[in-house]
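All remarks here apply to the structure that follows.
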Amino acid sequence: SAVISQKPSRDICQRGTSLTIQCQVDSQVTMMFWYRQQPGQSLTLIATANQGSEATYESGFVIDKFPISRPNLTFSTLTVSNMSPEDSSIYLCSVDEGSGRTTDTQYFGPGTRLTVL
Amino acid sequence: RKEVEQDPGPFNVPEGATVAFNCTYSNSASQSFFWYRQDCRKEPKLLMSVYSSGNEDGRFTAQLNRASQYISLLIRDSKLSDSATYLCVVARGSSASKIIFGSGTRLSIRP
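Just so you know, the sequences run in chain order A and B.
So the first sequence is numbered by the numbering used here: it starts at 1 and just counts up by one.
So the second sequence is numbered by the numbering used here: it starts at 1 and just counts up by one.
Next comes the structure, spelled out in structure tokens:
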């Protein structure tokens, strides 16, 4: 199974600022995924980060608000831009087993707990 | 209506009890089903996949009813360490965008 680390683990930010979250995987993976989990809510996929191409965003999420970088097969960043209190959430990156099957297990990083004041 | 629905709980049961959760899904094209476990302030981790024939892993039994579109998880002889949130996960395609997480059922085991 993949081992995933994220930095920072938590942060408290002021409204209007931006935060970049880093995700590092211990093996090369084709796709990395960014999720958001708001308090008491389920995980919601923000975007899929592909190495060498633009990220694919889900409905309700846009690149200007959540720019993503994927410079290589083991690393990705998610930036939360121009933050508001509504962006307070846990942000998780994940990878799957990469076989393309629906039965692939998803492995998650430990998450970044963001609080926007 | 949410695509995957779970009773949020919390379920508060004594150690040693048997507890069951159900999860319903609305999309009949769903292909794969899972239970993930999420401890407080931790990331979700796969507990078990759910197969059509039902499957068991120690004290945990998962079942799928495609006709009624629900998945169940049964925990026998519950332990204090079973306290967590259990996420029902449904996949209806091979991309991550087709994986839908339920909002979770909180379980608390008391001594």
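Positions of the beta carbon are idealized from the N, C-alpha and C atoms, including for glycine.
Source: prediction; values computed, not measured.
Residue range of the unbroken beta strand (DSSP E) whose run includes residue i
| i | result |
| --- | --- |
| C23(A) | 19-25 |
| M48(B) | 44-50 |
| D57(B) | 55-57 |
| A20(B) | 19-25 |
| V3(A) | Element bounds for V3(A): n/a, residue is neither H nor E. |
| R36(A) | 31-37 |
| C88(B) | 84-91 |
| E5(B) | 4-6 |
CB contact below 8 Å: residue i versus chain A
| i | result |
| --- | --- |
| P10(B) | no |
| G102(B) | yes |
| K79(B) | no |
| E43(B) | yes |
| L46(B) | yes |
| I99(B) | yes |
| S108(B) | no |
| S53(B) | no |
| S49(B) | yes |
Below-8 Å beta-carbon distance, residue i vs any chain B residue
| i | result |
| --- | --- |
| P85(A) | no |
| G60(A) | no |
| S42(A) | yes |
| G52(A) | no |
| Q106(A) | yes |
| T103(A) | yes |
Residue i classed as buried or exposed, judged by whether at least 16 other C-beta atoms fall within 10 angstroms
| i | result |
| --- | --- |
| Q38(B) | buried |
| P71(A) | exposed |
| D64(A) | exposed |
| A20(B) | exposed |
| C40(B) | exposed |
| P44(B) | buried |
| T112(A) | buried |
| R36(A) | buried |
| V50(B) | buried |
| L114(A) | buried |
| V116(A) | buried |
| I4(A) | buried |
| V29(A) | buried |
| Q6(A) | buried |
| D87(A) | buried |
Any non-hydrogen atom of the ligand COA within 7 Å of residue i CB
| i | result |
| --- | --- |
| D87(A) | Questions concerning the ligand COA fall outside what the structure shown contains, since it holds no ligand whatsoever. |
* Asked: Can you list the beta strand (DSSP E) stretches of 3 or more residues lying completely in the region 39-76 of chain A, in chain order?
  -> 43-50, 68-72
* To do: Determine contact between the region 101-108 of chain B and the region 83-92 of chain B, defined as no fewer than three beta-carbon pairs at a distance below 8 Å.
  => yes
* Asked: Just checking, does the region 72-79 of chain A make contact with the region 20-31 of chain B on the three C-beta pairs under 8 Å criterion?
  -> no
* Is there contact between the region 100-117 of chain A and the region 46-56 of chain A, where contact requires at least three CB pairs shorter than 8 Å? -> no
* To do: Give a yes or no on contact between the region 15-24 of chain A and the region 57-76 of chain B, applying the rule of three or more CB pairs nearer than 8 Å.
  => no
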